[in-house]
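The structure under discussion appears below in the form of structure tokens.
Residue numbers (this note's numbering), protein chains in the order written: chain A, 1 to 122; chain B, 1001 to 1110.
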């Protein structure tokens, strides 16, 4: 069974940093792209970032470019999101999601984790 | 403001059919066959229901179908059941390595 388990969320002050993790199991991690999608409280979904299977390609939404960094450790079946210079508008549940391994942003995500809540507030 | 436009709500009685629209532009929905649909129950993670406009992942009932005409994609749920009540989000590749989502539609089963 495919499992994606996010961790690392919490309360952080504006301007602060946080690192999210996603532990994957139940599938061959090295053959899929991995992605982050967020959802602000009571709002819709927003794609955040994607990374290809070998980390050759990394893509970011304009709203996080220059502040967030996506990475993965294939030996540990893990995905990460380093978030710096956090703003109130980054407050959201962050989902880890699996996608096809392509040279572009995957057009869909077939498995999702349960999410981890990030709250940016003073 | 979402790049793709969905109606905020839709409803139907059990057994009926409901169609949810997702309107974009020629740069996203109209330009690529990369429209997907997700179902999200309150407090739960999204679930992929349709990908590449009309394909169904394994395990998704054939009551769910997708289509596209021009810049508008549609999700049709036939034979409505109580468990279909949820938020539904469309998404589309929009070129330049960006992915857009719609604002979501809450489907109520009356």
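Built from N, CA and C at the ideal position, the CB exists for glycine as well. The structure presented is a predicted model; accordingly, all values stated were derived computationally and were not measured.
Interface residues of chain B facing residue i [CB-CB closer than 8 Å]
| i | result |
| --- | --- |
| residue 95/A | 1045, 1046 |
| residue 80/A | Going along chain B, no residue has its Cβ under 8 Å from residue 80/A, so there is no contact; the nearest lies around 19 Å. |
Whole-number beta carbon distance between residue j and residue i, since they are thought to touch under 8 Å
| i | j | result |
| --- | --- | --- |
| residue 1075/B | residue 1088/B | 6 Å |
| residue 86/A | residue 48/A | Their Cβ separation, rounded to whole angstroms, is 13 Å, which puts residue 86/A and residue 48/A out of contact at 8 Å. |
| residue 105/A | residue 1093/B | 7 Å |
| residue 1024/B | residue 1003/B | 7 Å |
| residue 1021/B | residue 1007/B | 7 Å |
| residue 1102/B | residue 1005/B | 7 Å |
| residue 93/A | residue 39/A | 5 Å |
| residue 101/A | residue 33/A | 5 Å |
| residue 113/A | residue 22/A | 6 Å |
Nearest candidate by alpha-carbon position, reference residue i, set the options
| i | options | result |
| --- | --- | --- |
| residue 107/A | 71/A, 115/A, 98/A, 28/A | 98/A |
| residue 1044/B | 1091/B, 1086/B, 1103/B, 1101/B | 1086/B |
| residue 26/A | 16/A, 2/A, 12/A, 40/A | 2/A |
| residue 60/A | 1069/B, 1014/B, 1098/B, 1026/B | 1098/B |
| residue 95/A | 122/A, 15/A, 24/A | 24/A |
| residue 1062/B | 1078/B, 1053/B, 1052/B, 1083/B | 1078/B |
| residue 35/A | 58/A, 122/A, 62/A | 58/A |
| residue 68/A | 115/A, 22/A, 82/A, 10/A | 82/A |
Separation of residue j from residue i, as counted between CA atoms
| i | j | result |
| --- | --- | --- |
| residue 1018/B | residue 1012/B | 6 Å |
| residue 8/A | residue 84/A | 14 Å |
| residue 110/A | residue 1059/B | 12 Å |
| residue 123/A | residue 20/A | Absent from the model: residue 123/A. The displayed extent of chain A is 1 to 122, so no value can be given. |
| residue 1047/B | residue 1039/B | 5 Å |
| residue 18/A | residue 91/A | 12 Å |
| residue 78/A | residue 29/A | 8 Å |
| residue 1095/B | residue 103/A | 12 Å |
| residue 1071/B | residue 1049/B | 20 Å |
| residue 1016/B | residue 1107/B | 12 Å |
| residue 129/A | residue 1064/B | Nothing in the structure corresponds to residue 129/A, since chain A is present only between 1 and 122. |
| residue 1073/B | residue 1014/B | 23 Å |
| residue 1090/B | residue 1066/B | 10 Å |
| residue 1120/B | residue 1052/B | For residue 1120/B there is no data in the structure shown, the boundaries of chain B being 1001 and 1110. |
| residue 89/A | residue 16/A | 13 Å |
| residue 122/A | residue 10/A | 13 Å |
| residue 1057/B | residue 1034/B | 14 Å |
| residue 1042/B | residue 1084/B | 12 Å |
Within chain A, partners of residue i - CB distance below 8 Å
| i | result |
| --- | --- |
| residue 1051/B | 107, 108, 110 |
| residue 1088/B | Under the 8 Å cutoff, chain A gives no residues; its nearest Cβ is about 11 Å from residue 1088/B. |
| residue 1057/B | 110 |
Contacts that residue i makes with chain B (C-beta to C-beta distance below 7 Å)
| i | result |
| --- | --- |
| residue 115/A | 1045 |
| residue 104/A | 1097 |
Contact list for residue i against chain A, beta-carbon separation under 7 Å
| i | result |
| --- | --- |
| residue 1054/B | Correct list: empty, because the minimum Cβ distance to chain A is about 12 Å. |
| residue 1034/B | 107 |
Within chain B, the residues that residue i reaches when beta carbons sit closer than 9 Å
| i | result |
| --- | --- |
| residue 47/A | 1091, 1098, 1099, 1100, 1101 |
| residue 32/A | Chain B residues near residue 32/A: none, gap ~14 Å exceeds 9 Å. |
Residue i: CB within 7 Å of a non-hydrogen atom of the ligand NAP
| i | result |
| --- | --- |
| residue 1014/B | Looking for the ligand NAP in the displayed structure turns up nothing, as the structure carries no ligands at all. |
Neighbour list for residue i in chain A, Cβ cutoff strictly below 9 Å
| i | result |
| --- | --- |
| residue 1104/B | 43, 44, 45 |
For this session: Check whether the segment 43-62 of chain A touches the segment 72-82 of chain A, counting contact only when three or more Cβ pairs, one atom from each stretch, lie closer than 8 Å.
Result: yes
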